[in-house]
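Q:
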Amino acid sequence: MSLKPTNILLRGMEKESSATIENYISEDGYKALEKALKEMKPEEIVAEVAKARIRGRGGAGFEAGRKWGFLPKGVDKPVYLACNADESEPGTFKDRHIMEHCPHRLLEGCLLACYAIGSKTGYIYVRGEFPGAQQSLWRAIDEAHEKGYMGEKILGTDFSCEIYVHTGAGAYVCGEETGMLSSIEGGRGHPRLKPPFPAVEGLFRCPTIVNNVETLSNVPFVIHEGADAFLALGTDDTPGPKLFCVSGHVEKPGCYEFEAGANLKELLEHCGGVWKGRKLKGIIPGGASAHILKPDEIDVSMDFGSMARAGSILGSAGMIVLDETTCIVELLRNALEFFAHESCGQCTPCREGTGWAKKIVTRIEAGEGTMEDIDKLWEVADNFEGMGGKTICALADAAAWPTKSYVEKFRDEFEEHVRLGRCPMKG
Amino acid sequence: MPTLTIDGREITVDPGTTVIQAAEELGIYIPRYCWHPGLKIAGNCRICQVEVVNPKLKFPCTIACNLMCGDGMVIETDSDEAKKARADVMEFLLINHPLDCPICDQAGECTLQEFSYEYGHDKSRFTEEKVHKSKRVQFSDQVSFDGERCILCTRCVRFCRDVVGNEELCLVERGDHEEIAVANGGGLTNPYSMNVIDLCPVGALTSSDFRFKSRVWFLEETPSACTSCARNCAVDIGTRWDKVMRLKPRENEHVNKWWMCDEGRLNYHYVNAADRLGYAYVQQGGKLVRTSVDDAVAMAHELIGKLPAEKLYGLISARLTNEEIFLAKRYLDQVAGAAGVGFLPRIGEGDDFLISADRNPNARGAGLIGVSAAKGLAADIKAGKVKGLVIFGDSFDHDEELMGALADLDFLVVMDYRLSETAKQADVILPGVTFAEKEGSITNIDGWVSKLNPALPPPAEARRNLDLLAGLLGRAGQDVPDTAEGVFRLLAETVSAFTDISYGEIFAASRQVATDAVVKAD
Ligand SMILES: Cc1cc2nc3c(=O)[nH]c(=O)nc-3n(C[C@H](O)[C@H](O)[C@H](O)COP(=O)(O)O)c2cc1C
Ligand code: SF4
Ligand code: SF4
Ligand code: SF4
Chain A
1 MSLKPTNILL RGMEKESSAT IENYISEDGY KALEKALKEM KPEEIVAEVA KARIRGRGGA
61 GFEAGRKWGF LPKGVDKPVY LACNADESEP GTFKDRHIME HCPHRLLEGC LLACYAIGSK
121 TGYIYVRGEF PGAQQSLWRA IDEAHEKGYM GEKILGTDFS CEIYVHTGAG AYVCGEETGM
181 LSSIEGGRGH PRLKPPFPAV EGLFRCPTIV NNVETLSNVP FVIHEGADAF LALGTDDTPG
241 PKLFCVSGHV EKPGCYEFEA GANLKELLEH CGGVWKGRKL KGIIPGGASA HILKPDEIDV
301 SMDFGSMARA GSILGSAGMI VLDETTCIVE LLRNALEFFA HESCGQCTPC REGTGWAKKI
361 VTRIEAGEGT MEDIDKLWEV ADNFEGMGGK TICALADAAA WPTKSYVEKF RDEFEEHVRL
421 GRCPMKG
Chain B
1 MPTLTIDGRE ITVDPGTTVI QAAEELGIYI PRYCWHPGLK IAGNCRICQV EVVNPKLKFP
61 CTIACNLMCG DGMVIETDSD EAKKARADVM EFLLINHPLD CPICDQAGEC TLQEFSYEYG
121 HDKSRFTEEK VHKSKRVQFS DQVSFDGERC ILCTRCVRFC RDVVGNEELC LVERGDHEEI
181 AVANGGGLTN PYSMNVIDLC PVGALTSSDF RFKSRVWFLE ETPSACTSCA RNCAVDIGTR
241 WDKVMRLKPR ENEHVNKWWM CDEGRLNYHY VNAADRLGYA YVQQGGKLVR TSVDDAVAMA
301 HELIGKLPAE KLYGLISARL TNEEIFLAKR YLDQVAGAAG VGFLPRIGEG DDFLISADRN
361 PNARGAGLIG VSAAKGLAAD IKAGKVKGLV IFGDSFDHDE ELMGALADLD FLVVMDYRLS
421 ETAKQADVIL PGVTFAEKEG SITNIDGWVS KLNPALPPPA EARRNLDLLA GLLGRAGQDV
481 PDTAEGVFRL LAETVSAFTD ISYGEIFAAS RQVATDAVVK AD
């Protein structure tokens with residue numbers, strides 16, 4: 001599938017006033033909310049979202065409508081919405097664009113979700129390093145209150161709802177949905193054992209729906225234009241529009257909106273190709289935790305299924321372009337420093353293993369490694385990969401995937417470091 | 001009721017049972033560090049991985065502590081997959097561990113050592129510099145912490161948070177720099193703090209009281225009960241060189257679950273103290289003179305017999321066992337015909353967890369046997385109503401009123417385990433024993449009957465209290481058994497609250513039994 005631009009998620013972004021409620025309303029903003037509150041029952045919203053098959057844009061691709069359907073029926077506890085705006089996967093900056101430039105689309109999505117799941121309270125957990133996004137949301141929340149889209153008896157109906165911004169303190173693991181919930185509650189950002197899943201026991205031990213910013217920002221379109229309009233975009237595997245974050249050694253980095261399933265190779269060309277006329281070494285397609293793709297592997301459609309078949313993940317669609325001068329060993333050392341530092345420390349394999357892997361690759365980079373170290377590095381990563389059995393959350397997998405794939409695909413470069421006793425790229 | 005298969009054996013369990021529990025029911029032990037039956041599930045150590053047999057699973061292993069038993073589930077705890085998963089976890093646990101077992105107090109009781117031998121790889125592949133963490137941190141006067149030995153199972157944190165209900169311990173830092181610390185620069189001050197030492201599966205939390213005293217494998221452990229309050233927490237008495245080295249809580253589902261308080265745990269030093277009575281004494285010319293125990297018993301009996309019975313009062317300690325109280329009361333009632341018997345009440349501060357405000361361990365038993373709190377004893381002595389006093393197993397050194405009244409007595413007989421200030425005033429002193437040197441039963445505040453077992457022989461010529469009491473009764477021609485079992489039978493025949501309890505129930509299994517009779521006896 002070739003590149004098909006869409007103008008849904010970041011619609012109006014080019015305007016100076018894009019973040020204002022006036023601008024949003026001028027672009028049919030809050031019409032979906034009005035329609036939902038006045039014409040639709042909550043179950044109908046859930047059904048429409050389920051029909052649209054919005055796959056979670058936070059990385060795992062789980063269908064939002066199905067998730068909403070997991071809420072237990074007949075529980076007399078409050079239900080919460082928690083919007084994941086932690087966006088800390090390296091190479092990812094799409095949610096930030098939405099929050100800074102189109103905050104009302106996210107708020108409308110949150111309000112629709114709250115109405116659908118029977119919640120009166122939503123939290124948006126915004127990454128600590130995003131003061132701009134926080135300011136933008138706070139302003140937008142004030143505006144929405146003023147215009148009667150938020151607060152008591154919204155638009156004169158019986159639906160009342162508040163959305164709060166909760167600012168994080170800058171931890172990758174707080175983007176893991178249950179780590180985020182622990183953090184909102186005021187605890188350490190420790191992911192929780194599953195089961196129970198958040199839909200059953202989440203925030204303050206109440207049923208909670210967690211969705212990513214981009215996932216929720218798709219909801220107004222689905223309700224306003226209908227699920228069929230959404231299904232007409234993207235691929236059968238991953239319908240709808242999609243934001244792609246392009247960074248690294250590329251001529252025109254940025255956040256681009258296309259239909260889901262955009263061809264990775266064409267996307268690179270659209271962004272002006274590898275910078276400085278250099279050759280491509282590889283692309284990390286789904287944020288730093290994704291398996292690397294070599295130049296002959298990038299003719300692939302960027303949807304969840306195709307990326308999995310290509311041996312990687314769509315993840316957060318944060319694609320990092322690497323030119324021929326990149327040292328893969330250094331790249332891995334950098335990534336493992338990040339993952340080892342961000343491991344929350346609960347699970348033995350992740351706590352001990354990420355640090356161990358980091359030490360091995362640091363030695364290899366410094367020219368002090370052995371050939372056995374290369375196998376050991378892969379095995380250590382293999383021993384901490386495997387959520388469910390080995391760890392509480394997928395952070396360990398996020399560290400294992402780059403480690404294993406870089407070693408598998410660029411083994412010669414690791415060996416070269418051992419043979420020369422130094423980095424071959426740095427002379 | 002799901003039925004599942006674990007290692008080829010079928011079991012049907014209650015809904016909500018986890019695989020680790022079901023395996024335990026089958027007698028299959030799945031290793032664990034973070035899981036503990038008394039704590040909330042944390043699932044962080046990952047050592048309890050088992051294989052869920054299902055060809056569709058990419059990663060077939062999962063943790064047994066958080067896996068609910070499902071109907072038709074097939075679990076292998078010792079398949080190649082499960083073995084590898086455990087060995088990998090062991091390797092990770094050991095890479096940054098100092099491996100200083102030769103100087104570690106936990107050696108011998110350390111599950112890291114144990115499981116590493118049983119489930120680990122034979123050699124380490126780790127060649128990097130280990131992470132360095134805090135060492136020798138005093139969390140409190142009693143609890144010291146070694147961050148490098150800690151495997152971050154969070155048992156200690158969860159005990160404080162979920163069992164005691166405070167957040168005195170917490171986690172700081174992240175990744176392989178994560179550590180346990182006292183929260184907000186405070187201390188570990190809760191009255192149950194030392195349970196974290198027992199909970200700690202490694203030697204990261206050690207007791208200042210016990211540290212370096214003895215290698216644990218040299219300790220002899222005797223199941224018994226704490227006698228420092230009316231809860232009667234089940235304990236193991238650890239002894240070596242004829243001394244008590246430590247008390248540790250022993251699991252008992254009715255009385256104390258897995259825990260005990262610090263005060264009770266540390267209240268054993270008096271057993272080893274220098275003021276223990278090893279001999280019998282009589283007062284001669286204002287001095288205490290050593291005599292044989294048999295002579296002392298005879299003299300005590302003679303003294304008591306000389307006094308008109310209506311002038312005699314008997315204090316029977318509610319720290320004594322049911323059997324001792326029973327014999328003491330029988331002697332005072334039937335032989336001496338004492339005008340009154342009672343026990344010295346001891347009230348402190350209690351809480352709603354274990355610590356009972358009643359510091360007499362057997363006040364409930366005493367009450368059931370017919371001994372209640374003594375009232376107005378000092379005044380009665382002052383008024384000349386009481387002229388002779390027999391004290392079985394007690395003292396009141398700090399009670400000025402009673403101590404002041406002693407001079408007005410014609411005689412005082414004391415049976416105790418130490419030479420108290422009270423005993424020093426006595427005409428005859430009979431050398432008895434502490435809880436650590438005797439067998440017998442005590443009845444806790446809720447009616448559960450527990451058993452004490454002798455961990456040590458009586459010092460020097462001291463005798464078991466039951467021997468001394470049977471000796472006194474023997475002087476009057478009453479032939480009573482001198483074994484705890486024999487006396488208990490007699491007690492059960494006489495005191496209705498105990499009739500339904502069989503010796504075997506409390507004594508053989510060392511478990512508590514509450515019969516309706518005991519509970520109803522209120
Ligand atoms: C280590 C880790 C970090 C994550 N970070 C984020 C994040 O920053 N933003 C996000 O939306 N999801 C993140 N996720 C995924 C969330 O756990 C969760 O799947 C997602 O928020 C669900 O929303 P969705 O279904 O709408 O995608 C992370 C997962 C892991 C394991
Ligand atoms: S996998 Fe890592 S980050 Fe996730 S809970 Fe376990 S230790 Fe924490
Ligand atoms: S100190 Fe002991 S109990 Fe506490 S976390 Fe460490 S190993 Fe576990
Ligand atoms: S609660 Fe009472 S019986 Fe239990 S350990 Fe403390 S003092 Fe001893």
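Line order of the protein sequences matches chains A and B.
So for the first sequence, the working numbering puts the first residue at 1; every next one is plus one.
So for the second sequence, the working numbering puts the first residue at 1; every next one is plus one.
We put the CB at the ideal spot given by N, CA and C, even for glycine.
1. In whole angstroms, what is the alpha-carbon distance linking C69/B and E129/B?
2. Around the C-beta of T325/A, are 16 or more other C-beta atoms found within 10 angstroms, so that it is buried, or is it exposed?
3. Based on the DSSP output, what are the partners of F410/A in its beta bridges?
4. According to the Cβ coordinates, are H166/A and Y123/A closer than 8 Å?
5. Do you know whose CA, among N84/A, C102/A, E146/A, R66/A, lies nearest E27/A's CA?
6. How about L3/A and Y115/A: are their beta carbons less than 8 Å apart?
7. Please list, in chain order, the residues of the stretch 386–415 of chain A that have any C-beta partner in chain B closer than 8 Å.
8. Who pairs with M68/B in a beta bridge, going by DSSP?
9. For I163/A, which residues does DSSP report across the bridge?
10. With a threshold of 8 Å between beta-carbons, can E118/B be considered close to chain A, or not?
11. Whole-angstrom Cβ separation of G318/A and G287/A, contact assumed at under 8 Å?
12. For F218/B and R240/B, which I take to be in contact (beta-carbon distance under 8 Å), what is that distance rounded to the nearest angstrom?
13. Less than 6 Å between C-beta atoms, sequence neighbours within five positions excluded: which residues of the same chain meet that for P59/A?
14. Which residues in chain A have a C-beta closer than 8 Å to the C-beta of I95/B? List them in chain order.
15. State yes or no: is the C-beta of I151/B nearer than 7 Å to some heavy atom of ligand 3?
16. Please list, in chain order, all residues with a C-beta atom less than 6 Å from at least one heavy atom of ligand 2.
17. Short check: CB of C61/B to CB of E81/B, under 8 Å?
18. Report the three-state DSSP secondary structure of Q283/B (helix, strand or coil).
19. Run through DSSP, which three-state label would M425/A get?
20. Excluding the 5 residues flanking C101/B on each side, which residues of the same chain have their C-beta closer than 7 Å to its C-beta?
21. Count Cβ pairs between the stretch 84–94 of chain A and the stretch 29–43 of chain A that sit closer than 8 Å; are there 3 or more?
22. Does ligand 1 have a heavy atom nearer than 7 Å to the CB of S88/A?
23. Can you find a heavy atom of ligand 4 that lies under 7 Å from the Cβ of G264/B?
24. Could you list which residues in chain B have their beta carbon closer than 7 Å to that of S247/A, in chain order?
25. For K281/A, I'd like the list of residues in its chain whose CB is within less than 7 Å of its CB, leaving aside the five on either flank, ordered along the chain.
26. Can you grab the Cα-Cα spacing for the pair R309/A / G240/A, in whole Å?
27. Could you tell me the boundaries of the alpha helix (DSSP H) in which I45/A lies?
28. Given this structure, state the Cα-to-Cα distance separating T127/B from D176/B, to the nearest angstrom.
29. Hey, could you find the ends of the beta strand (DSSP E) G342/B is sitting in?
30. Of all the options E214/A, K252/A, G118/A, L81/A, which has the alpha carbon lying nearest to the alpha carbon of T178/A?
31. For Y256/A, which beta-bridge partners are listed by DSSP?
32. By DSSP, does Q138/B sit in helix, in strand, or in coil?
33. To the nearest angstrom, report how far apart A514/B and I369/B are at their CA atoms.
34. Is there at least one Cβ from chain B nearer than 8 Å to T178/A's Cβ?
35. Given a cut-off of 8 Å on the beta-carbon distance, is the pair E176/A and A396/A in contact?
36. Looking at C-alpha atoms only, which residue of R55/A, P295/A, V274/A, C423/A is the closest neighbour of E368/A?
A: In brief:
1. 42 Å
2. exposed
3. According to DSSP, which records beta bridges pairwise, F410/A is partnered with nothing at all.
4. yes
5. C102/A
6. no
7. G386, M387, G388, G389, K390, T391, I392
8. T18/B
9. G122/A
10. no
11. 4 Å
12. 5 Å
13. In the sequence as presented, Pro is not what sits at residue 59/A; that position holds Gly. The residues are G315, S316.
14. E352, W356
15. yes
16. V173/A, P191/A, S343/A, C344/A, G345/A, Q346/A, C347/A, C350/A, R351/A, T391/A, I392/A, C393/A, L395/A, A396/A
17. yes
18. strand
19. helix
20. A107, Q113
21. no
22. yes
23. yes
24. In chain order: nothing, as chain B lies at least about 25 Å away.
25. L322, D323, E324, T326
26. 20 Å
27. 42–52
28. 16 Å
29. 340–342
30. L81/A
31. F244/A
32. strand
33. Because A514/B carries a pLDDT of 48, less than 50, the predicted location of this residue cannot be relied on, and the following value inherits that uncertainty. Looking at the two C-alpha atoms, the distance is approximately 16 Å.
34. no
35. no
36. C423/A
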